[in-house]
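To start, the structure under review is shown below, and the notes come after it.
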Amino acid sequence: RGADRVLAVDRFAWDTFGMQEFLDAKARLGSSVEHRRMDVHELDPDEIGQFDLVLLLGVFYHLRNPLQALEAIRRVTSR
492 RGADRVLAVD
502 RFAWDTFGMQ
512 EFLDAKARLG
522 SSVEHRRMDV
532 HELDPDEIGQ
542 FDLVLLLGVF
552 YHLRNPLQAL
562 EAIRRVTSR
């Protein structure tokens with residue numbers, strides 16, 4: 492609510508168990524959330540833009556290189 496743009500990023504869920512559920516929820520809610528299959532380590536502001544807020548929920552402790560991921564998140568965070 493109130494966001495100009497919301498982007499959901501996942502490397503695995505879009506390929507297997509989560510994509511259909513995401514699309515069903517998006518349709519039921521009339522949501523304009525975008526989705527991309529991306530690795531959090533490879534977030535690029537030239538490709539996806541910048542955001543006021545980035546949430547990393549339930550992911551950090553699974554990352555192969557958490558510091559690299561935080562650096563990538565910093566690049567796509569505008570504030």
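Each residue of the sequence shown is one higher than the one before, counting from 492 in my numbering. Here a beta-carbon is modelled for each residue, glycine too, at the ideal position from N, C-alpha and C. In this text, all values refer to a predicted model and were calculated from it rather than measured experimentally.
Outcome for A518 when other beta-carbon atoms lying within 10 angstroms are tallied against a minimum of 16: A518 counts as exposed, since fewer than 16 other beta carbons sit within 10 angstroms of its beta carbon.
Going along the chain, which unbroken runs of the alpha helix (DSSP H) with 4 or more residues stay wholly within the stretch 536–565? Runs of the alpha helix (DSSP H) inside the stretch 536–565: 536–539.
Which whole-angstrom value is the C-beta distance of V500 and R527, which I expect to be below 8 angstroms? A Cβ-Cβ distance of about 5 angstroms is found for the pair V500 and R527, placing them in contact under the 8 angstroms criterion.
Which residues bound the beta strand (DSSP E) around L525? Just to set this straight, residue 525 is Glu in the shown sequence, not Leu. Where E525 is concerned, the enclosing beta strand (DSSP E) starts and stops at 525–528.
Quick check: what's the CA-CA separation for A560 versus V545? Each residue's alpha carbon lies about 12 angstroms from the other.
If contacts are defined as beta-carbon pairs under 8 angstroms, then V497 and E525 qualify, I think. What distance do you get, rounded to the angstrom? The beta-carbon separation of V497 and E525, rounded to 7 angstroms, stays under the 8 angstroms limit for a contact.
My understanding is that V531 touches A494, with C-beta atoms under 8 angstroms, so please give their C-beta distance in whole angstroms. Incorrect: roughly 20 angstroms between the Cβ atoms, too far for contact.
Answer with buried or exposed for L547, where buried requires no fewer than 16 other C-beta atoms within 10 angstroms of its C-beta. That one is exposed.
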